[in-house]
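Student: Submitted below is the structure of interest, expressed as structure tokens.
Number of protein chains: 4
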Amino acid sequence: MTDLTRHERRKLDTRRRLLEAARQVIAARGYEATGVLDITEAADVSKGTFYLHFKDKEDLTRVLIHEGFEELRQRVDPYLTANRTLGQIKEAIRAVFHYSAENRDLFRLMLGHQASAELNLMAINYYAEFVEHLLRQEGTAGRTSALQSELVAQFVAGAGVRLGLWWIEDDHGLSPDEMADFLFQFLTEGMSNVISVAGLDTGTL
Amino acid sequence: MTDLTRHERRKLDTRRRLLEAARQVIAARGYEATGVLDITEAADVSKGTFYLHFKDKEDLTRVLIHEGFEELRQRVDPYLTANRTLGQIKEAIRAVFHYSAENRDLFRLMLGHQASAELNLMAINYYAEFVEHLLRQEGTAGRTSALQSELVAQFVAGAGVRLGLWWIEDDHGLSPDEMADFLFQFLTEGMSNVISVAGLDTGTL
Amino acid sequence: MTDLTRHERRKLDTRRRLLEAARQVIAARGYEATGVLDITEAADVSKGTFYLHFKDKEDLTRVLIHEGFEELRQRVDPYLTANRTLGQIKEAIRAVFHYSAENRDLFRLMLGHQASAELNLMAINYYAEFVEHLLRQEGTAGRTSALQSELVAQFVAGAGVRLGLWWIEDDHGLSPDEMADFLFQFLTEGMSNVISVAGLDTGTL
Amino acid sequence: MTDLTRHERRKLDTRRRLLEAARQVIAARGYEATGVLDITEAADVSKGTFYLHFKDKEDLTRVLIHEGFEELRQRVDPYLTANRTLGQIKEAIRAVFHYSAENRDLFRLMLGHQASAELNLMAINYYAEFVEHLLRQEGTAGRTSALQSELVAQFVAGAGVRLGLWWIEDDHGLSPDEMADFLFQFLTEGMSNVISVAGLDTGTL
DNA sequence: AATGAATGAGGGTTCATTCAT
DNA sequence: GATGAATGAACCCTCATTCAT
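Top line first, the protein sequences correspond to chains W, X, L and U.
In terms of my numbering, the first sequence opens at residue 1 and continues consecutively.
In terms of my numbering, the second sequence opens at residue 206 and continues consecutively.
In terms of my numbering, the third sequence opens at residue 411 and continues consecutively.
In terms of my numbering, the fourth sequence opens at residue 616 and continues consecutively.
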């Protein structure tokens, strides 16, 4: 039983409406192009009310991005047991693509570099951390150096984000699972297949 | 040779000073946070002069990014013969990392998603096209589908850009060649080594 | 009666102050020479407030001119019954001169051609329409052609405006009624008296 | 024999081209909306050259208006002998309408209140003076007071200018002579005819 | 005399933020 | 808590004018 007074419920409701409105309008117009007025109008709330709930536009966006990653993690965590297998990771990647398909606006905002420089940095770090979380195996500390795992995380995050953004803009007829499997294959096997198919001479390596 | 009047040389000189100033100041403060006034002050030129040379801030930035990719391509092209080998591609990737180390500001501007949404899109397309140029092999048309090569290009571009940006922010003691080789290894072989080292159980795949 | 919240009254008050300030400052400096800043400073209001109430300078001026003609018509209408006499018209003209004496600034703005080309055109049309309203007699439709009454309106408007502007710049010791009677006499009798006094030979006509 | 060096001829030529260009472009766009650049481009002359010949835009426009009135006076003077008759004045008025038809652009600039407040004042004074010149009869000094003749001049100027501007915008099928005769009739006889036709009751005067 | 690159004051306008109600 | 009128700093951009060539 959430024992909230009507006041408190009303307040939370307003806050939520601002978040939803911002999510939509920012996705539609871009972060910089969106004014506080655009958000409050979409939320059917007065301009002043905004500042009752958020310090400024960046503050609200931070919450939006944070919530996005929280949700993403909740979607992915069920697949990740302590002793995880490659098969689990594959499922996790599929879950990420499903999530991005269902939350295109938010995904774009989280990872499309539309927000301010600071927020983008925050988001990218969130994602790299998320990837490390994905790949991290308990009890293997020290087997791979911190540097190496960060390199891997950046690599995976970069490739994954780019493919994800490319795909939600136009799916080219590919399903979430196809995208995930494609990414998974490249990550595990590299592109030697593709490259050899392309006819590159590997003899001089 | 240079059949320019002094007038014309003077004008080009001013234009160049604006470009250089913009490059530095945008890299330092970010695209959106940079006003035209910041640029002209850094160039020690009056505000009106800016509009004599460029339509607006975006116009100038477009030139900056375009020039960056032109220069990058010139650095890379010598390594790419018609019948290219994997070894050549490795050299090309090394050249890219050397370039990014020598032009950190510009590289950040080109690929750091600091500019406007439109310019970022332009830059990302430039880069994907650049990667396709890198991987394209003559005489293999049809062997790989257009869709597949676009997927590969997005994958490579995403991973490469992210590693590059991560590295120029803090090199973590890694040389350009080490970075390039790391990227090259991952691209060709995938991360099976790393992953197996991490102790992931591959049995269930 | 006035079912306005204090908020609304406050807003209308600010609007009115802007209109009054604009009226004075435009009359003093001219339309083109007056900046929005001049108006807001005279109204003791911030620059941004202006755009809360008016789209731009032209918008405000349009309101000013419109209000002026509304007021003028209200001053004049009591004298004009359906079956009007020349005597009524004389009284109406006197009312116009009284009005112009009491509202020199606004009169200059309305008819002094200081505003933008578009506004001047609007004002001149207002005035010609006003003159037609003054001279129009019910039940005489068809007796004078539309063309002829337009010619008359232009003639009367031109002469009246010019005399009015001349007079409010320097009254030369003439009272409003004297001016009105002078204009009325010329309009009704023409200038044959004056001309003959001037010694022009009328024999050759 | 105009003994001008090529230099001098060239200079005068440039000056004339600027004047012609200004006349056209100001007529087309209006005085305020016309920039110096618009004029120099139309004259196919560099921007700096403008300031070699004129102090500023207002200076050039002054010359334009001055020339216009000079030409107008030359057109009208032949009709005006020392002992002038009403018939001569009628011819003079006809000449004015012919002139305005042939020089619509310039006429609009001279009397259409498009220029700056100062220039408009200058023009209106030119015209009032022109009208006084038209109506002045030698040897009658003192018969009419200075004040009275100024009143008449303002009346005639106002009515004439308004009719002229109305007519050059759309001639409504009326010839210059018809316009002139119409104006002449109203000036001499007043509008009693028109008014009585309109059915106004004159009994109460 | 002619050029046109450079100047910089000043214009209009937007918008994040405050605060009295 | 909610409102929205008011604020004013900051922005982009234009354009009359200067001056070295």
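Using N, Cα and C, we set each Cβ at its ideal position, and we do this for glycine too.
Since the structure is predicted, the reported quantities are computational estimates derived from the model, not experimental observations.
Contact defined as beta carbons within less than 8 Å: I believe Y489/L pairs with E501/L. What is the distance between those atoms, to the nearest angstrom?
Tutor: 4 Å between Cβ atoms; contact.
Student: Exposed or buried, G164/W, counting other C-beta atoms within 10 Å across all chains shown (16 or more means buried)?
Tutor: By the neighbour-count rule (16 or more Cβ atoms within 10 Å), G164/W is buried.
Student: Nearest to K421/L by alpha carbon, out of L447/L, L462/L and A452/L?
Tutor: Taking only the C-alpha atoms, the option nearest K421/L is L462/L.
Student: If you count every other CB in all the chains shown that lies within 10 Å of the CB of K262/X, and 16 or more means buried, which is it?
Tutor: That one is buried.
Student: Which residues of chain W have a Cβ atom closer than 8 Å to the Cβ of E296/X, listed in chain order?
Tutor: Within chain W, no residue comes near E296/X; the closest Cβ sits about 11 Å away, beyond 8 Å.
Student: With distances taken between CB atoms, is the gap from L135/W to V152/W smaller than 8 Å?
Tutor: Yes, the Cβ-Cβ distance between L135/W and V152/W is below 8 Å.
Student: To the nearest angstrom, how far is it from the Cα of T676/U to the Cα of S731/U?
Tutor: T676/U and S731/U: Cα-Cα distance of roughly 10 Å.
Student: To the nearest angstrom, how far is it from the Cα of N735/U to the Cα of L762/U?
Tutor: So the alpha carbons of these two residues sit roughly 22 Å apart.
Student: Which residues in the same chain as F302/X place their Cβ atom closer than 6 Å to its Cβ, once the five residues preceding and following it in sequence are excluded?
Tutor: Counting only Cβ-Cβ distances below 6 Å, and skipping sequence neighbours, we find P381, M384 and A385.
Student: A358/X lies in the alpha helix (DSSP H); which residues open and close that run?
Tutor: Element bounds for A358/X: A351 to E374.
Student: Which residue from D376/X, F259/X, L291/X and N330/X puts its Cα closest to that of E307/X?
Tutor: Minimum Cα distance to E307/X is reached at D376/X.
Student: With distances taken from CA atoms, which of I231/X, V361/X, G240/X and E275/X is nearest I294/X?
Tutor: Taking only the C-alpha atoms, the option nearest I294/X is V361/X.
Student: Could you check what DSSP says for R751/U in three-state terms: helix, strand or coil?
Tutor: If DSSP states are grouped into helix, strand and coil, R751/U belongs with coil.
Student: Quick check: is the beta carbon of H113/W nearer than 8 Å to any beta carbon in chain X?
Tutor: By this cut-off, H113/W is an interface position.
Student: I need the DSSP call for H258/X, collapsed to helix, strand or coil.
Tutor: In the structure shown, H258/X sits in a helix (DSSP, three-state: H, G or I).
Student: In or out: R23/W buried (at least 16 other Cβ within 10 Å) or exposed?
Tutor: Answer is buried; the Cβ neighbour count reaches 16.
Student: Taking only three categories from DSSP, how would you classify N103/W?
Tutor: In this structure, N103/W counts as coil in the three-state DSSP scheme.
Student: If I measure Cβ to Cβ from S569/L and keep anything under 8 Å in the same chain, skipping five residues before and after, which residues do I get?
Tutor: The identity of residue 569/L in the sequence shown is Ala, whereas the question assumes Ser. Answer for A569/L: L593, F596 and L597, listed in chain order.
Student: Output needed for G317/X: all residues of its chain with C-beta closer than 8 Å, excluding positions within five of it in sequence on either side, in chain order.
Tutor: For G317/X, where only same-chain residues beyond five positions count, the Cβ hits under 8 Å are L370.
Student: Can you name the start and end residues of the alpha helix (DSSP H) that T649/U belongs to?
Tutor: Counting along the chain, T649/U falls outside any alpha helix (DSSP H), and DSSP gives it neither H nor E.
Student: List, in order along the chain, the chain L residues whose C-beta lies closer than 7 Å to that of H787/U?
Tutor: In chain order: L557.
Student: What is the residue span of the alpha helix (DSSP H) that Q595/L lies within?
Tutor: Note, Q595/L: alpha helix (DSSP H), P586 to E599.
Student: Assign W250/X to one of three DSSP states: helix, strand, or coil.
Tutor: The amino acid at residue 250/X is misidentified as Trp; the sequence shows Val. Reduced to three states, the DSSP call for V250/X is coil.
Student: Can you find a CB in chain U that lies within less than 8 Å of the CB of F596/L?
Tutor: With 8 Å as the cut-off, F596/L counts as an interface residue toward chain U.
Student: Quick one: is F69/W near chain X, going by C-beta distance under 8 Å?
Tutor: Judged by the 8 Å Cβ criterion, F69/W is not in contact with chain X.
Student: For G630/L, does the three-state DSSP call read helix, strand or coil?
Tutor: For chain L, the structure presents residues 411 to 615; residue 630/L sits outside this window and is missing.
Student: If you run the structure through DSSP and keep just helix, strand and coil, what is G317/X?
Tutor: Correct three-state label for G317/X: coil.
Student: To the nearest whole angstrom, what separates the beta carbons of A27/W and L109/W, a pair I think is in contact under 8 Å?
Tutor: Confirmed, about 6 Å.
Student: Take I270/X as the anchor and find which of S251/X, N288/X and Y236/X has the nearest alpha-carbon.
Tutor: It is Y236/X whose Cα lies nearest to the Cα of I270/X.
Student: Grouping DSSP H, G and I as helix and E and B as strand, with all else coil, what is E744/U?
Tutor: Here E744/U sits in helix by DSSP.
Student: For R162/W and chain X, any beta-carbon pair shorter than 8 Å?
Tutor: So, interface residue.
Student: Once the 5 residues before and after M396/X are set aside, which same chain residues still bring their CB inside 6 Å of it?
Tutor: Excluding sequence neighbours, M396/X sits near nothing in its chain.
Student: For a quick check, are the C-beta atoms of T239/X and V230/X less than 8 Å apart?
Tutor: Cβ distance < 8 Å, so T239/X and V230/X count as in contact.
Student: Could you name the residues of chain W that M396/X contacts, counting a contact when the two beta carbons are closer than 7 Å?
Tutor: What M396/X touches in chain W: V152, L187 and T188.
Student: Using a C-beta cutoff of 8 Å, does E539/L count as contacting chain U?
Tutor: No - not a single Cβ of chain U is within 8 Å of the one on E539/L.
Student: For my contact list, L428/L and F460/L are in at a C-beta cut-off of 8 Å; report their separation, rounded to the angstrom.
Tutor: Contact holds; Cβ gap of about 6 Å.
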